[in-house]
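The numbering of the sequence shown is the UniProt record's numbering, which starts it at 1 and goes up by one.
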Amino acid sequence: MVLQKAWYGDKKWVWLLLPLTLVFFCLSNLRKIFYKVGVFASSKPKAFVIVVGNISVGGNGKTPTVIAICEHLANQGLRCGVLSRGYGGSQTHFPHLVQELDSPSLVGDEPKLMQHRLPCPIVIDPKRVRGAKFLYEEHGCDVIICDDGLQHYALQRNFEIVVMDGRGVGNGFLMPMGPLRESVTRLNTVDAVVFNGQAHTDISISPDKTALMTLEPSQWINVKSGECQSSLMIQEATAIAGIGDPKRFFATLSNMGITCDKTIGFPDHYAYKLADIPKGMVLMTEKDAVKCKSLAHDNCWYLQVSGNISENLYSMLDNKLAIYQR
1 MVLQKAWYGD KKWVWLLLPL TLVFFCLSNL RKIFYKVGVF ASSKPKAFVI
51 VVGNISVGGN GKTPTVIAIC EHLANQGLRC GVLSRGYGGS QTHFPHLVQE
101 LDSPSLVGDE PKLMQHRLPC PIVIDPKRVR GAKFLYEEHG CDVIICDDGL
151 QHYALQRNFE IVVMDGRGVG NGFLMPMGPL RESVTRLNTV DAVVFNGQAH
201 TDISISPDKT ALMTLEPSQW INVKSGECQS SLMIQEATAI AGIGDPKRFF
251 ATLSNMGITC DKTIGFPDHY AYKLADIPKG MVLMTEKDAV KCKSLAHDNC
301 WYLQVSGNIS ENLYSMLDNK LAIYQR
C-alpha cells in the first residue's frame, strides 16, 4: 500500500529504489530477448490465443474485459476457454478446471467470478502453455483467452490487449520505483489498448488501436440469498471493496446517486474475515462477493456490472480472427 501511494503520488524517495529498478530492467529485457532468439522455448497452441493483460501492477479491469470478449465471440458460435494463473488460490494440481463447488481460496477470486458469469471452461494453471493445451485438447476450444499473462512469453499469442484504468502509468517508472511491469513503449507493439473509463491524453498511442470501456451497473444481487433487485432502498450503508482501485467502486456508487456512510478499501485479493463485514447494509463488488458468500449476513449486496466496450475493439479482433481462420 505504501509503494502504491508512492507510485501514484509525487514521492521522491522512490529514487532510492533505482538500483533495484535497473536490475529489473536488465533481467526483464534479457528474458524477452532470450524468448525472441529462441534461447527460451515458446509454444504456439492450435487455437487462437488472446491475451488480456496490462503493463502495470494491480487490477485495471481485465476481468470484465475478458467476460465481454468471451460473450462477443460465443455469440459468433466460437467455443471459448479462459486461462488464468489462479493468483491467490491454494490449488496445487494443474491444469485445474474451475468447478461450481470450488472456493475462491482454492482457485482465486477472478477465476471463480468468471466461472460464475460464463458458461465456458475456466482453467487455472501457472504454466500457460500446459493450460492452453488442456483447453484445446480436452475442451475443444477454438479461442483461448488469457486473463493476464502479457509478460508470459512462453505462450505465443495472436492478439494482445492491454487494459488501463484511470490511474494510468503512475509516475511512469518500472518496478519497484513505479508500477510498470514493462515500459510504456510496449503499448506500441500490442494489438489494442482498452481504456477503462476515459482515454489518457498524455500517452501517445495510435487512435486506430484504442478502445473505451465503461462498466455498466446492471443489478444488485444479495450475496447470501442470490435475490436480484434493480435498485435498493438505501438509507444507511457501508461500501467495501478489495480490488485494484477501491476508489473506482466508490465513485461508481456516487455516480449512481448512492451516498454511503462509510467506505472501506482493502488490498486487491484480500482474504476477508467475519470481522471485516460491517453490520447493517453492506455494498460490495462482485469480486468481493465471491469471497464473502460464507461470511455475509442478510443485508449484504453486490453490484453486478458489465464491461461495455466500444465496437472498434471487436472490429479489430474479428478482422484478426478472420485472417487466422483462412
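Glycine is no exception: its CB is placed at the ideal position from the N, C-alpha and C atoms.
If you draw a straight line from the Cα of Gly58 to the Cα of Ala199, it is about 18 Å long.
Taking the CA atoms as reference points, Asn75 sits about 13 Å from Val143. Secondary structure at Val162: strand, using DSSP grouped into helix, strand and coil. Under the three-state reduction of DSSP, His200 is assigned to coil, being neither helix nor strand.
Contact check for Arg157 and Val51: beta-carbon distance about 5 Å, within the 8 Å limit, so the pair qualifies. Between the stretch 250 to 265 and the stretch 286 to 296, the count of C-beta pairs closer than 8 Å stays below three; the two stretches do not touch. In this structure, the CA atom of Gly131 is about 42 Å from the CA atom of Gly280. It is roughly 28 Å from the alpha-carbon of Ala296 to the alpha-carbon of Ala68.
Secondary-structure assignment with DSSP links Thr214 through a beta bridge to Asn308.
As DSSP reads the structure, Lys262 sits in a beta bridge with Thr238.
Boundaries cannot be given for Ile205, as no beta strand (DSSP E) includes it and DSSP labels it neither H nor E.
Our two residues, Lys62 and His152, have alpha carbons roughly 16 Å apart in a direct line. DSSP places Cys70 in the helix class (H, G or I) of the three-state scheme. Setting aside the 5 residues that flank it on each side, Gly140 is surrounded in the same chain by Arg79, each with a C-beta closer than 8 Å to its C-beta; the list follows chain order. Secondary structure note for Met281: its beta strand (DSSP E) is the uninterrupted segment Met281 to Thr285.
DSSP, reduced to helix, strand and coil, places Gly53 within a strand of the structure shown.
Cβ neighbours of Gly108 within its own chain (closer than 6 Å, five residues either side excluded): Gly86, Tyr87, Gly88 and Gly89. Per DSSP, the unbroken alpha helix (DSSP H) holding Cys26 starts and ends at Leu18 to Val37.
Scanning Lys320, Phe34 and Met177 for the CA closest to the CA of Lys5 turns up Met177. Just so you know, the alpha carbons of Arg167 and Ser254 end up roughly 18 Å apart.
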